[in-house]
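Line by line, the protein sequences are chains A and B.
The first sequence: position 230 = 241 (the working numbering), numbered continuously.
The second sequence: position 32 = 43 (the working numbering), numbered continuously.
Number of protein chains: 2
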Amino acid sequence: MAGKTSDYVVGVDLGGTKTLAGVVAGSGKILQQVKAKTPAEEGYHRVLENVATCVEGAIAQSKIERAQIAAVGIGVPGPVDPETGIVKAAPNLGWKKVPAKAILEKHLGLRVFAENDVNAGTVAEHRLGAGVGVRDLIGVFVGTGIGGGLIFGGQLYHGFGKVAGEVGHIILERKGPRCGCGNRGCFEALASRTAIVRDLAMAIEKGRKTVLTKAVRDGDFHQIGSRELADAFRRGDKLTVQMIKRAARYCGIGVASLLNLLNPEMVVLGGGVVEAFGAEYVRLVTRAAKKRTFAGTWAGVRIVPAKLGDDAVLLGAACLARERAAS
Amino acid sequence: MAGKTSDYVVGVDLGGTKTLAGVVAGSGKILQQVKAKTPAEEGYHRVLENVATCVEGAIAQSKIERAQIAAVGIGVPGPVDPETGIVKAAPNLGWKKVPAKAILEKHLGLRVFAENDVNAGTVAEHRLGAGVGVRDLIGVFVGTGIGGGLIFGGQLYHGFGKVAGEVGHIILERKGPRCGCGNRGCFEALASRTAIVRDLAMAIEKGRKTVLTKAVRDGDFHQIGSRELADAFRRGDKLTVQMIKRAARYCGIGVASLLNLLNPEMVVLGGGVVEAFGAEYVRLVTRAAKKRTFAGTWAGVRIVPAKLGDDAVLLGAACLARERAAS
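Have a look at this one:
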């Protein structure tokens, strides 16, 4: 079937710091990938111009004829109206109401579809990754924050205002720590990397010892990434182990809430924290979730790590563009 | 169109103490209703025989010809597989894996469809009550416990194991009071009537004064119903007012979690507690929810009281039977 127009699409992962674009074949294989810095501080016109350049670059390098590209899909770090392609807001980019689809279509002369990045990542796991064939799936991505995506009946669920899936902002501890959103005790405020690092810093202030003390003392503990945490964890650093176990338990409580409410077949756990701590983290989350989930709801459910890593957003945006262009 | 087979259906609300059956016209009007005690202690065969008798009675009294009855829908207090019509469990009836649909079809010689009662109530509010025309709707029913139903894209969402919608068992306070389900801090353990009465009893034990003291002293405070609470509330009983306000605030936290996660267009609040405290309760819930919901998610959302009261389950079961018989 090579040569059919619908065989190829371009997927874009537009992040606050970097932009990735790749030509994706019908099989889900990424043929060519182009990476560039996102010039976020230069405004949305420049950022989207840069996206267009990346897309053109990926097409050129892939040696696929332009006429064979059915559409372009872009994953954006904020809520998006998938019909209009307007990005409602993207704090990392300083965006508010940016008509990304329209601007990119003008630049590229190709059909463009925009979607929230976490939704795109969830779709990728559903179409090509851990959740192939699953009807009802929840994606939970644990990193600096906690994002999520909801797939019901095989389709991405957007909700009334197209902002559904804020998994990180279900409330798990009414009087818990303050969240970035202003609430207290959100899932994100308890189990994200930001929460882990905050708790580490507090423990160190209270005199607890850890191999991470130096980074924290130097005042740049907010720079501690998942990798540093994972190193300390693997070296058996007591405090880090304790904090990670606690965060995984919190994540399990969040997952239990999701399971009791939505009874999905699968929960896909992704993001930097999950990748850094791997199977052990997933095991801890699963144990904590099982304890708090109805037996009937638990039966047959699978809690699994994401498979697609850093390619998920690009691939999901590509899948959605392919599907929407065909419909 | 009178006389068309599909014009009439029978809806049944099978409760732990009483059984209601009614013939329902295409308009949603209940023509005739029959009520009987549920002989729960006599086993499921007797209970379903009794349901069949109620259905036959309602048909006979309605003067509608049997041939004009398209189907029978029954709402059951427990999880149901809507395809097989097997009731997975119904603790109030002492049921486990009861093939309610098959047994009733044998008794009645009519097509029967079974559904969880809270799901049926939510469907009724969506088709005939507060939520007509809404795409994404969540029903939250606050009584002895807290139940819920989820409507996405206009359709009831069942989830993988057909047990989705346990709104009462999302966790809102990790270390909160013990819930009937064994967990801590479930929505139900914080905001149900059971929770309100528990907190009242604890406050009285600590010496707080209330007009409800006698009922509590007599040791039958678990018998305090929504009506007694509402009386004390309206008489301005300080402790009761405080407890109801707190429970409404908890309910608002639960609703905020649901909104942030699912971004529905409408939340319908029903059940004994909501009916007893009316508009003031809904106002308190709304205020607490708004404080904790993203502005973009809050935009346009409606939090409204249920409209159908005690008829909801019967009507919803009837709606679903009509739809499923036609499909």
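Every residue, glycine too, gets a C-beta built ideally from N, C-alpha and C.
Check whether chain B comes within 7 Å of residue i, counting only Cβ atoms and requiring the distance to be less than that.
i: residue 180 of chain A; result: yes
i: residue 268 of chain A; result: yes
i: residue 144 of chain A; result: no
i: residue 275 of chain A; result: yes
i: residue 335 of chain A; result: no
i: residue 185 of chain A; result: yes
i: residue 170 of chain A; result: yes
i: residue 12 of chain A; result: With a pLDDT of only 37 at residue 12 of chain A, under 50, the local geometry of the prediction cannot be trusted, and the value read off the model is given with reservation. It does not; no Cβ of chain B falls within 7 Å.
i: residue 308 of chain A; result: yes
i: residue 235 of chain A; result: no
i: residue 207 of chain A; result: no
Using the C-alpha atoms, what's the distance from residue j back to residue i?
i: residue 245 of chain B; j: residue 116 of chain B; result: 47 Å
i: residue 16 of chain A; j: residue 329 of chain A; result: Residue confidence for residue 16 of chain A is low, a pLDDT of 43 falling below 50, so the modelled location carries little weight; the figure read from the coordinates is stated next. Approximately 14 Å, taken between the alpha carbons.
i: residue 327 of chain A; j: residue 134 of chain A; result: 5 Å
i: residue 27 of chain B; j: residue 164 of chain A; result: 32 Å
i: residue 152 of chain B; j: residue 159 of chain B; result: 6 Å
i: residue 262 of chain B; j: residue 91 of chain A; result: 29 Å
i: residue 337 of chain A; j: residue 79 of chain A; result: 14 Å
i: residue 76 of chain A; j: residue 110 of chain A; result: 27 Å
i: residue 268 of chain A; j: residue 289 of chain A; result: 22 Å
i: residue 292 of chain A; j: residue 285 of chain A; result: 7 Å
i: residue 30 of chain B; j: residue 70 of chain B; result: 15 Å
i: residue 295 of chain B; j: residue 129 of chain B; result: 23 Å
i: residue 332 of chain A; j: residue 161 of chain A; result: 18 Å
i: residue 190 of chain B; j: residue 270 of chain B; result: 23 Å
i: residue 171 of chain B; j: residue 53 of chain A; result: 46 Å
i: residue 279 of chain B; j: residue 166 of chain B; result: 15 Å
i: residue 32 of chain B; j: residue 266 of chain A; result: 39 Å
i: residue 39 of chain B; j: residue 132 of chain B; result: 13 Å
i: residue 250 of chain B; j: residue 276 of chain A; result: 44 Å
i: residue 124 of chain A; j: residue 51 of chain A; result: 20 Å
i: residue 345 of chain B; j: residue 181 of chain B; result: Because chain B spans 12 through 338 in this model, residue 345 of chain B falls outside it and cannot be assessed.
i: residue 319 of chain B; j: residue 177 of chain B; result: 21 Å
With DSSP as the reference, identify every bridge partner of residue i, one or two as the case may be.
i: residue 151 of chain B; result: B:159 and B:280
i: residue 106 of chain A; result: A:101
i: residue 184 of chain A; result: B:184
i: residue 167 of chain A; result: A:162
i: residue 261 of chain A; result: Residue 261 of chain A pairs with nothing; no bridge assigned.
i: residue 242 of chain B; result: Answer is none; residue 242 of chain B lacks a bridge partner.
i: residue 197 of chain A; result: A:182
i: residue 124 of chain A; result: A:84
i: residue 19 of chain A; result: A:36 and A:80
i: residue 91 of chain A; result: A:98
Consider the Cβ of residue i: report whether some Cβ of chain A lies at a distance smaller than 7 Å.
i: residue 92 of chain B; result: no
i: residue 149 of chain B; result: no
i: residue 278 of chain B; result: no
i: residue 175 of chain B; result: yes
i: residue 163 of chain B; result: yes
i: residue 272 of chain B; result: yes
Check for me: the alpha helix (DSSP H) holding residue i runs from which residue to which?
i: residue 129 of chain A; result: 128 to 138
i: residue 210 of chain B; result: 204 to 216
i: residue 26 of chain B; result: Neither: residue 26 of chain B is in no alpha helix (DSSP H) and is coded neither H nor E.
i: residue 174 of chain B; result: Element bounds for residue 174 of chain B: n/a, residue is neither H nor E.
i: residue 114 of chain A; result: 111 to 119
i: residue 192 of chain A; result: Unbroken run through residue 192 of chain A: none, as it is neither H nor E.
i: residue 334 of chain B; result: 323 to 337
i: residue 61 of chain A; result: 55 to 73
i: residue 308 of chain A; result: 306 to 309
Grab the span of the beta strand (DSSP E) containing residue i for me, first residue to last.
i: residue 30 of chain A; result: 29 to 36
i: residue 42 of chain B; result: 41 to 48
i: residue 81 of chain A; result: 80 to 87
i: residue 314 of chain A; result: 313 to 316
Please classify residue i as buried or exposed, where buried requires at least 16 other C-beta atoms within 10 Å of its C-beta.
i: residue 112 of chain B; result: buried
i: residue 321 of chain A; result: exposed
i: residue 173 of chain A; result: buried
i: residue 216 of chain A; result: exposed
i: residue 44 of chain A; result: buried
i: residue 144 of chain B; result: exposed
i: residue 142 of chain B; result: buried
i: residue 13 of chain B; result: Annotation note: pLDDT 40 at residue 13 of chain B (below 50); position unreliable, no value reported.
i: residue 94 of chain B; result: exposed
i: residue 200 of chain B; result: buried
i: residue 102 of chain A; result: exposed
i: residue 254 of chain A; result: buried
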